[in-house]
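First comes the structure, then the notes that go with it.
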Amino acid sequence: MNKPFLLLTSLCLFFNSLSLLTKAEQVVISEIMYHPKDGGHEFVEIENLTSTPFDIALWRLSGGVDFEFPDFSTASPRNTFLKAFEKIVICDTDPGTFRAAYGLPSAVRVFGPWEGNLNNGGERVNLKDKNGINRCTVRYDNQGNWPVAADGGGHSLVLFDNNRAIDDYRLWKASSTINGTPGSSEPAAAEEPFANPEVDLSVGIPYIEYTDAWDFNDQNVNLGTSWKNSNYNYSHPGWTRANAANNRGGLYGFETSALPAPGLRTPLLDSSTNANHISYYFRKEFNFSGSTSGVRLTVDLINDDGCGFWLNGQWIGGVATSSNAGHTTTADRVVGNAEEELGVISIANPPLVNGKNVIAAAGRQTNNSSSDFIFGAKVSLSAPVAPSIVINEVLPANNDSGFIEFYNPTDETVDLSEWFISDRASNLTKKKIPGNVTIGSGELASIGYRESSLSVSATTTIYLTKPNGTTVANAISTQMPLDGRSLGRKPAGGGSWFLFTSPTRDLPNESSGGLGKNLKINEIHFSEE
Numbered sequence: 002m003n004k005p006f007l008l009l010t011s012l013c014l015f016f017n018s019l020s021l022l023t024k025a026e027q028v029v030i031s032e033i034m035y036h037p038k039d040g041g042h043e044f045v046e047i048e049n050l051t052s053t054p055f056d057i058a059l060w061r062l063s064g065g066v067d068f069e070f071p072d073f074s075t076a077s078p079r080n081t082f083l084k085a086f087e088k089i090v091i092c093d094t095d096p097g098t099f100r101a102a103y104g105l106p107s108a109v110r111v112f113g114p115w116e117g118n119l120n121n122g123g124e125r126v127n128l129k130d131k132n133g134i135n136r137c138t139v140r141y142d143n144q145g146n147w148p149v150a151a152d153g154g155g156h157s158l159v160l161f162d163n164n165r166a167i168d169d170y171r172l173w174k175a176s177s178t179i180n181g182t183p184g185s186s187e188p189a190a191a192e193e194p195f196a197n198p199e200v201d202l203s204v205g206i207p208y209i210e211y212t213d214a215w216d217f218n219d220q221n222v223n224l225g226t227s228w229k230n231s232n233y234n235y236s237h238p239g240w241t242r243a244n245a246a247n248n249r250g251g252l253y254g255f256e257t258s259a260l261p262a263p264g265l266r267t268p269l270l271d272s273s274t275n276a277n278h279i280s281y282y283f284r285k286e287f288n289f290s291g292s293t294s295g296v297r298l299t300v301d302l303i304n305d306d307g308c309g310f311w312l313n314g315q316w317i318g319g320v321a322t323s324s325n326a327g328h329t330t331t332a333d334r335v336v337g338n339a340e341e342e343l344g345v346i347s348i349a350n351p352p353l354v355n356g357k358n359v360i361a362a363a364g365r366q367t368n369n370s371s372s373d374f375i376f377g378a379k380v381s382l383s384a385p386v387a388p389s390i391v392i393n394e395v396l397p398a399n400n401d402s403g404f405i406e407f408y409n410p411t412d413e414t415v416d417l418s419e420w421f422i423s424d425r426a427s428n429l430t431k432k433k434i435p436g437n438v439t440i441g442s443g444e445l446a447s448i449g450y451r452e453s454s455l456s457v458s459a460t461t462t463i464y465l466t467k468p469n470g471t472t473v474a475n476a477i478s479t480q481m482p483l484d485g486r487s488l489g490r491k492p493a494g495g496g497s498w499f500l501f502t503s504p505t506r507d508l509p510n511e512s513s514g515g516l517g518k519n520l521k522i523n524e525i526h527f528s529e530e
């Protein structure tokens, strides 16, 4: 065999392998949408791969487009820093328009518009710092080995291996979702199992969460008995109201040991430095609408050492204390470290009223110099619910892609036009389901997320309420990723939930990736004619 040829081949293989071993950049171009579908927007995603923030003031993205990042400003000093492991987006339009079009949460920073356009035929894109030093560069193309799905098919180019220098087609693929995933990571699988997001209606709908802000009095003031009534006017000194700047919600207290989530958020006056300080007082308003018949109130508690509760001035129960305990009455137990206690109070037909309700709580110390005190409460209300329409799939988004899909497991056709949709337990009638939506037995129906007036936030919460405005048929509450994937049941109406890379509005929930794994070309017969 020709030795020079062998030598040349070996050198080619060596340099080819060497290109894959080239050290990766610290800040990379991680996604490129160069040829969106008609009406879509071009974008480039930048990612910090390190735990070190980068000052990106006056950095420049260049190529077919040109964008210079803002200079440092004392008014907004953090805006010019790329945070550790952060992804940011630069686009061809103003940030508000882009955010609405792609349904991005406020946590994802968007910059734009840039000048120019990304070339649909391919070009080099550079990211340079303010000194003109190239921080990252890649040449994409619409030919050769580059993914064709990114050339007008609605997919973006996604960097799937950031451990090497990115200027190599072998490290890029087409996004698994239409419109790409600006500001978030590419899903690992077409279908990803997800924890059941349904609110357990037998336990109740949370009207007060652990993180909610209460009015509180930690100043060792003897409030007597009037403070627990719904019409109390806060006539005693020492109150901090729920909307005060230093009131960040629960948990409340002081503690040096580890605590359950959400942890200590609002410090209280330390009784260990204030002799005879036994009691801490809390008040919280909430609204309830509908029939109070058959309602059950449940209280979950994180507390050290004891706590008693009143609803609209009437005693409903407590832990290690009693209804007649006074300002200096100590708790009947000693708690080492506070833990969550479920269902410490569960009372049927509580003294609940339509409209404003006030729940009051008195936390008690075990002695007048205790080294810790913790208070946090979750209050839920429930009523018997018969099997009914369920939320089957949801895609939270502020654009036309967002939707809420329903499934009818009953034997009858149901008209949803008088039903309600909401994201707040305190306002179940926030929005009447828009349009004329009728759903037959075993069938699916849906409404637009934007038309439902629901917020797109870190926690997706949806209540589906019957026409009486009080009976919740189904509810979900979860922190699902806002990356273009939908969350749904499989099969329809079932108890197993998945994240789907290909949302299937009004269709059975089956990702294209899941179907593709089961289909193969087994045999081909063709004629020479």
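The working numbering applies: residue 2 is where the sequence shown begins, and numbers increase by one. For each residue, glycine too, the CB sits at the ideal point set by N, CA and C.
- Remark: fewer than three beta-carbon pairs, one from each stretch, lie closer than 8 angstroms, so the region 334-348 and the region 273-284 are not flagged as touching.
- Straight-line spacing of the CA atoms in A151 and T51 works out to 28 angstroms.
- Residue F287 holds the alpha-carbon nearest to the alpha-carbon of K357 among S292, W420, Y233, F287.
- Beta-bridge pairing by DSSP links L128 to L62, C137.
- Across the structure, W316 and V354 are spaced so that their CA atoms are roughly 15 angstroms apart.
- Within the region 174-247, the complete beta strand (DSSP E) segments of 3 residues or longer fall at 192-195, 206-209, 216-218, listed in chain order.
- Distance from the Cα of K88 is smallest, within the candidate group W173, P435, F112, N428, for F112.
- If you draw a straight line from the Cα of N400 to the Cα of A175, it is about 22 angstroms long.
- Following the DSSP letters along the chain, one finds T299 in no alpha helix (DSSP H) but inside the beta strand (DSSP E) bounded by residues 297-305.
- Rounded to the nearest angstrom, the Cβ distance from N49 to F86 is 6 angstroms, consistent with a contact under 8 angstroms.
- According to the DSSP assignment, G153 belongs to no alpha helix (DSSP H), since it is labelled neither H nor E.
- A residue is called buried when at least 16 other Cβ atoms come within 10 angstroms of its Cβ; G251 meets this threshold and is buried.
- Three or more beta-carbon pairs separated by less than 8 angstroms are not found between the region 259-276 and the region 306-315, which leaves the two stretches without contact.
- Under DSSP, the beta-bridge partners assigned to I448 are I405.
- Under the DSSP assignment, T322 falls outside any beta strand (DSSP E); it carries neither an H nor an E label.
- The residues L312, N313, Q315, in chain order, have a CB closer than 7 angstroms to that of P352 in the same chain once the five nearest residues on each side in sequence are set aside.
- Around S31, the same chain offers E46, E48, L160 as residues with beta carbons nearer than 6 angstroms, after the five sequence neighbours per side are excluded.
- By the C-beta criterion, the region 165-173 is judged not to be in contact with the region 476-484, since fewer than 3 inter-stretch pairs fall below 8 angstroms.
- Measuring C-alpha to C-alpha distances from G117 to each of F44, P106, V90, G104 identifies F44 as the nearest.
- Under the three-state reduction of DSSP output, P504 falls in the coil class, being neither helix nor strand.
- In the DSSP secondary-structure assignment, P268 is bridged to G254.
- Rounded to the nearest angstrom, the Cβ distance from L59 to D72 is 6 angstroms, consistent with a contact under 8 angstroms.
- Per DSSP, the beta bridge partners of K379 are D301.
- Straight across, the Cα-Cα distance linking N369 with R490 is about 53 angstroms.
- Around D416, the same chain offers T439 as residues with beta carbons nearer than 7 angstroms, after the five sequence neighbours per side are excluded.
- Counted as a single uninterrupted DSSP element, the beta strand (DSSP E) harbouring A474 occupies residues 473-479.
- Of all alpha-carbon atoms in N510, L508, S503, the one lying nearest the alpha-carbon of E187 is that of S503.
- When C-beta atoms of the region 241-255 are compared with those of the region 359-376, three or more pairs fall below 8 angstroms, so the two segments count as touching.
- The count of Cβ pairs closer than 8 angstroms, one atom from the region 123-139 and one from the region 93-102, stays below three, leaving the stretches out of contact.
- Counting only residues of its own chain and dropping the five nearest sequence neighbours on each side, S63 has a CB closer than 6 angstroms to the CB of N127.
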